[in-house]
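**Student:**
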Ligand SMILES: *Cc1c(COP(=O)(O)O)cnc(C)c1O
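In this note's numbering, the protein residues as written are 129 to 601.
#1: Which class does residue 270 belong to by DSSP, given the choice of helix, strand or coil?
#2: Looking only at C-alpha atoms, which of 536, 550, 505 and 359 sits nearest to residue 528?
#3: Whole alpha helix (DSSP H) runs in the region 329-381 with 4 or more residues, listed along the chain?
#4: Going by beta carbon distance, what residues of the same chain come within less than 8 Å of residue 593, once the five residues before and after it are set aside?
#5: Is the separation between the beta-carbon of residue 85 and that of residue 369 shorter than 9 Å?
#6: My output table needs one value for residue 290: the three-state DSSP class, helix, strand or coil.
#7: Indicate the three-state DSSP secondary structure (helix, strand or coil) for residue 313 in the structure shown.
#8: Between residue 289 and residue 354, is the Cβ-Cβ spacing less than 9 Å?
#9: What are the start and end residues of each continuous beta strand (DSSP E) run of 3 or more residues lying completely inside the region 384-443, in chain order?
#10: When we look at the beta-carbon of residue 296 and count the other beta-carbons within 10 Å, is it buried (16 or more) or exposed?
#11: Going by other Cβ atoms of all chains shown within 10 Å of its Cβ, with 16 needed for buried, is residue 173 buried or exposed?
#12: Count the CB pairs spanning the region 413-421 and the region 443-462 that are closer than 8 Å, and state whether there are at least three.
#13: Under 8 Å from any heavy atom of ligand 1, does the C-beta of residue 422 make it?
#14: Rounded to the nearest angstrom, what separates residue 351 and residue 596 at their Cα positions?
#15: If we count the other Cβ atoms within 10 Å of its Cβ and call it buried at 16 or more, is residue 225 buried or exposed?
#16: Between residue 209 and residue 363, is the Cβ-Cβ spacing less than 9 Å?
#17: Could you check whether the Cβ of residue 251 sits closer than 9 Å to any Cβ belonging to chain D?
#18: Name, in chain order, the residues that DSSP records as bridge partners for residue 515.
#19: What number of angstroms, rounded off, separates the C-alpha of residue 202 from the C-alpha of residue 545?
#20: Would the region 476-483 and the region 213-223 be scored as touching if the rule is three or more Cβ pairs under 8 Å?
#21: In the DSSP assignment, the beta strand (DSSP E) including residue 300 goes from what residue to what residue?
#22: Runs of 3 residues minimum, wholly inside the region 546-595: which ones carry the beta strand (DSSP E) assignment?
#23: Comparing alpha-carbon positions, which option in 330, 139 and 530 lies nearest residue 509?
#24: Is any heavy atom of ligand 1 found at a distance shorter than 8 Å from the C-beta of residue 270?
#25: Counting along the chain, where does the alpha helix (DSSP H) carrying residue 168 start and finish?
#26: Quick one: what's residue 203 bridged to in DSSP?
#27: Assuming contact is defined by CB atoms lying nearer than 9 Å, are residue 580 and residue 501 in contact in what I supplied?
#28: Excluding the five sequence neighbours on either side, which residues of its own chain have a C-beta within less than 7 Å of the C-beta of residue 496, listed in chain order?
#29: Measuring from the CB of residue 553, is there a heavy atom of ligand 1 at a distance below 8 Å?
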């Protein structure tokens, strides 16, 4: 593609993108297709001869677009949002265009230094302790794995990196029964064995019980095992439960355990000083992760990982083959030593664009509005006799179910709510996802994408009620 052809195509695409932003609400939130429907439309073999961009883009519109789930749709209330915004997309355009590798300072000095500064901005914006150092990872899953590996190496004086497990290590990892599956995955990959992941019980609010944590640790010590790391959560995926970070931090300190905080989604809410009760005790943590790529208008991927002992991190991951040595090694952050992959995208640019475009105050207003909408919906649900909340609503995720008057059979209630969710999603007008809380089939509604609003949530809520009340009991 010549630069002239690129210029023309890019202008057309930018127009398309701006229209998409305006009209994303006109698409079905989720496509009504079957597995395989898209693949059959794609040629079995790659084209031998290059094709015109016009043709490629026309196929994008014809084949790909109808098969997309529209995460920025104003009626997308599923999972957690995967945010984006104009400034974020613009930064991605530049980053892709420059195609730079940001693995060490020398390979892109501006990218490295901007990343340092952005992580300082984020740390301070969230009110995190100033002795934390940050690095951008691709995901929370990677960040949690990095924390587990660092805890492992720090505890074993870097011996396992050297000799591998010798079979005598009896490391135990603790997390709540409500923690994200990425903890399980990290424990497996880090070589601890999933049997050594202790799922600590939760209270009626789905928050980890510190007493239960402490007795699990005591029990393990009595059996000669080593409590290595506790992963706590600020904002669980099922219900945004907030673990008692301070109590957990104190227990970790007492037993010399690494404390990693997973604030993947809810971390963004720490922009609001009035929400910092959630992170009380964060100064006791060893590491902390949150995803600007969820709720902070920055498109995937961008996960902000903070660590107290930067040396423990780099001692765990550093590698120094001859071809990567540079004269500045002792002066700069070579981020290749801060995470698993060597190659790194230029992700700090989108943070810079987003934070500067909205300003911290602008971001705060958006997040606080999202939380207000969540609380508004909570009140609405409480007002209806045939609906009930199934978890507290500290943020903007509302967990609820339909419970027609007189119906007490739990298994029937589960069936009805499953039917409700699937029926709603089938319409293509709205998208919700489900979870199980105390064995109850639970609908989750998150009001957190940049295109939603109180009007949209209200429209969605009317839709839910209407659909529910049509179900034949
Ligand atoms: C979304 C989420 C994750 C996983 O995030 P990725 O960046 O997709 O790996 C982990 N923990 C919690 C609490 C989450 O909500």
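Glycine included, C-beta positions come from ideal geometry on N, C-alpha and C. Every value quoted in this text rests on a predicted model; they were computed, and no experiment measured them.
**Tutor:** Concretely, from the data shown:
#1: helix
#2: 505
#3: 338-350
#4: 512 and 515
#5: With the chain covering 129 to 601 only, the question about residue 85 has no answer from this structure.
#6: helix
#7: helix
#8: no
#9: 386-390, 415-418 and 431-435
#10: exposed
#11: exposed
#12: no
#13: yes
#14: 52 Å
#15: exposed
#16: no
#17: You won't find chain D in this structure, because it holds only one protein chain.
#18: 530
#19: 23 Å
#20: yes
#21: 299-304
#22: 561-565 and 568-574
#23: 530
#24: yes
#25: Per DSSP, residue 168 belongs to no alpha helix (DSSP H) and is neither H nor E.
#26: Partner(s): none; residue 203 has no beta bridge.
#27: yes
#28: 400
#29: no
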